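Numbering (full-length UniProt numbering), first residue to last: 1 to 221.
Beneath this line is the structure, given in structure tokens, with notes to follow.
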């Protein structure tokens with residue numbers, strides 16, 4: 001289970017605190033999947049109502065903030081917000097099957113964290129900082145890999161070598177992230193030199209490799 005990291009911040013203290021609260025609710029939902037008491041359905045219903053209530057409050061604040069900064073994907077974001085409330089409300093109809101319902105509730109919240117808070121909401125900060133325009137991934141290599149590891153067995157995936165402007169420094173990028181970066185033409189910066197990580201294609205000979213790396217580097221700007 002992911003814990004709060006400052007890289008998750010969208011640089012709005014109020015919204016960040018609400019995101020922290022949601023992550024705690026996911027932890028509570030995980031604990032409830034292990035609970036075996038006779039009142040499991042009641043506890044589950046209470047937790048679902050709390051998630052719906054706090055989410056609606058959060059969505060209102062977040063949508064107001066997006067409108068304030070002129071976020072261009074506000075309507076799409078509003079639709080995603082309604083989907084979470086709808087999904088949790090539908091799960092409340094399955095409370096009689098408490099064990100299955102608790103597991104589905106946890107998965108629903110976890111997916112929301114990975115797909116929405118850590119991706120869609122981070123785009124709000126990217127837009128504000130104009131990172132969205134240059135397709136920069138707003139995470140370090142380590143943190144983006146941790147997020148992917150919530151769904152994929154990245155530790156056992158093949159890796160790909162990337163380099164930056166640091167002397168003799170190489171990065172091993174898991175296959176899942178490599179595919180995202182190559183297919184979407186996005187990039188991550190080195191935390192030391194602050195320059196983009198560039199894929200080192202070992203299939204090329206040295207001269208071709210140098211020319212390809214130079215083209216990849218300069219196309220980021």
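Yeah, the Cβ is synthetic: ideal placement off N, Cα and C, and Gly gets one too.
The structure displayed is predicted, hence computed values, not measured ones.
Segment limits, beta strand (DSSP E) that includes residue 124 = Where residue 124 is concerned, there is no enclosing beta strand (DSSP E), although the alpha helix (DSSP H) it sits in stretches over 121-128.
In the stretch 146-191, which residue ranges form an unbroken alpha helix (DSSP H) of at least 4 residues, counting only runs that do not cross its ends?
-> 175-184
Is residue 165 buried or exposed, if buried means 16 or more other CB atoms sit within 10 Å of its CB?
-> exposed
Is the stretch 167-177 touching the stretch 43-54, taking contact as three or more C-beta pairs under 8 Å?
-> no
Pick from 136, 71, 108 and 78 that is closest to residue 57, judged by C-alpha positions | 78
Mind checking whether residue 41 and residue 98 have CB atoms under 8 Å apart?
-> yes
Please list, in chain order, all residues of the same chain as residue 102 whose beta carbon is under 8 Å from its beta carbon, the five residues on each side excluded.
-> 29, 32, 33, 35, 40 and 44
Among residues of its own chain, excluding the 5 on either side of residue 108, which ones have a beta-carbon nearer than 7 Å to its beta-carbon?
-> 87, 88 and 91
Expressed to the nearest angstrom, what Euclidean distance is found between the alpha-carbon atoms of residue 159 and residue 96?
-> 45 Å
Closer than 8 Å to chain B by CB, residue 78 | Protein chains in the displayed structure number just one, and chain B is not present.
Near residue 228, which residues of its chain fall below 8 Å by C-beta distance, leaving aside the five closest residues on each side in sequence?
-> An answer regarding residue 228 cannot be provided, because it is not within the stretch 1 to 221 covered by the chain.
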